[in-house]
Amino acid sequence: MSSEPPPEDLEAIATRFAMLWQALSQGGRGPRPPAEIRLLADRVRDALDRRVSRLEAAETSFIANSFALEATVHEGAFTRIHRLRHRDLGTLHALKALRPDQADNVVARGLLLREAGFGARLRHRHVAAATTALRLADGRPALLMDWLPSSLSDRLRKAPFRRDEVAGIAATLLSGLEAVHAAGLVHADLAPDNLLYDGEDLATLRIADFGIALETGQRHDDLDLAKAGRESFSAPEQLAGAPLDGRADLHACGQILHTLLERCADILDAEDPLWEFAGRLSQPDRDGRPPSAGIALAMLRGDLKAS
């Protein structure tokens, strides 16, 4: 069966397209300048890409002449996260950029560019690092990343977790951490809102936001950050300002698992291996934690097999 529309439909579309082109190329004062025609054509193409029947009243902003700015989805102390759509491919992307009022903040600019460098070292299916660095029209640096609309923090506000979901999240997180640590990095900011996934599929979970990540053995004070991390997830040595290694991330992983298990509908036994595993990861003394994410992942698989 042909997917071609009937000839009379094509003729009607061709007639209306000719009218559209006439409107784009001719204004009330005569022919439009080429730059104005290109701008109007971009706005029409953007509306077609988004399958909307009307042009937006406001002018569409484009990043690097390729990405239409659709929305600002998060604003932090130094940066903003925007949702972009590629003007030709229609694909969604995230853009992390310095806020305009932070354009001259040397520390924030340096951290963003460091994060871009880390992205070049991180390629793993459970890590959402920057894919490239861009310069905005006003000179601010920005990072382009994959668009992942859901976070574990969002999921925590919905239905309780099943035991197998918690186990899957633990394995996914440790697999991603193994890659992060193999690259010589410590994430140093693991929390549910920095664990992102696509739609409703927790199997696509990825570690995001390497804004305060460290090289193994560094302290945040080395980056002129007096305080970095979150008291509810960060390891004691991080809160104390000590040099960090991958075991700091394991502590945060254990704290995240505790948070998930508290919202787990089908674990009634406090001696369930998952509770015990979370406790081993979140030991206050880092020497009491597994020495690496890879070993922790093997321990998890052994515990699950035994149970």
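Numbered according to my numbering, the sequence shown spans residues 37 to 343.
Just so it is clear, CB atoms sit at the ideal spot from N, CA and C, and this is done for glycine as well.
Cβ pair residue i, residue j closer than 8 Å
i, j, result
"L192", "L148", "no"
"A206", "G282", "no"
"C289", "L336", "no"
"L238", "G265", "no"
"P326", "L286", "yes"
"L210", "A71", "no"
"K130", "R119", "Residue identity differs from the one stated: residue 130 is Ala in this sequence, not Lys. Contact: yes."
"R176", "A218", "no"
"L280", "L250", "yes"
"A169", "A152", "yes"
"G155", "A166", "yes"
"D258", "G277", "no"
"R90", "E106", "no"
"L297", "V202", "yes"
"P67", "S61", "yes"
"A284", "E273", "yes"
"S187", "L261", "no"
Nearest residue (CA-CA) to residue i, options the options
i, options, result
"S189", "D339, R299, A48, P309", "R299"
"L221", "R157, R135, D174", "R157"
"I248", "L231, P228, R150", "R150"
"T127", "W183, G63, K341", "W183"
"A173", "G112, H223, S97", "S97"
"D124", "S89, D78, H118, A152", "D78"
"Q291", "H162, P326, P41, S270", "S270"
"L84", "D200, F53, A219, D257", "F53"
"W57", "D137, R74, Q138, P41", "R74"
"V143", "F114, A334, D308, H118", "F114"
"R198", "P43, I303, G63, L76", "I303"
"N101", "R171, E44, T108", "R171"
"N230", "I117, Q254, E312", "I117"
"R161", "V216, P136, S186, P185", "V216"
"D200", "A59, P309, V88", "P309"
"H294", "D305, A301, G315, E307", "G315"
"T240", "Q254, P185, T252, G253", "P185"
Boundaries of the alpha helix (DSSP H) in which residue i is found, first to last residue
i, result
"H217", "199-218"
"L131", "Looking at the DSSP string, L131 is not in any alpha helix (DSSP H); the run it does join, the beta strand (DSSP E), is 128-134."
"L231", "That residue, L231, is in no alpha helix (DSSP H); its beta strand (DSSP E) goes 231-233."
"P43", "43-61"
"A224", "Segment: none, A224 is in no alpha helix (DSSP H) and carries neither H nor E."
"V143", "142-157"
"S32", "What is shown of the chain runs 37 to 343, which leaves residue 32 out entirely."
"L188", "188-192"
Endpoints, beta strand (DSSP E) assigned at residue i
i, result
"V109", "103-111"
"P177", "177-182"
"I117", "115-122"
"T168", "168-171"
"R242", "242-244"
"L275", "Careful: L275 lies outside any beta strand (DSSP E), inside the alpha helix (DSSP H) at 272-275."
With 16 other Cβ atoms within 10 Å as the buried cut-off, status of residue i
i, result
"M37", "With a pLDDT of 45 at M37, under the threshold of 50, the predicted position of this residue should be treated as unreliable, though the coordinate-derived value follows. Exposed, because fewer than 16 other Cβ atoms sit within 10 Å of the Cβ of M37."
"L46", "exposed"
"H223", "buried"
"M181", "buried"
"G338", "exposed"
"R159", "exposed"
"I243", "buried"
"I99", "buried"
"G212", "buried"
"D245", "buried"
"E111", "exposed"
"M55", "exposed"
"R322", "buried"
"P228", "buried"
"V109", "exposed"
"T20", "Look at the range of the chain in this structure, 37 to 343, and you will see that residue 20 is not part of it."
"V88", "exposed"
"E214", "buried"
"A104", "buried"
"A301", "exposed"
"A164", "buried"
Proximity test, Cβ basis, 8 Å: residue i and chain D
i, result
"R135", "Looking for chain D here will not work: only one protein chain is present."
Every unbroken alpha helix (DSSP H) within the segment 281-321, with a cutoff of 4 residues, ordered by chain: 283-297, 309-317
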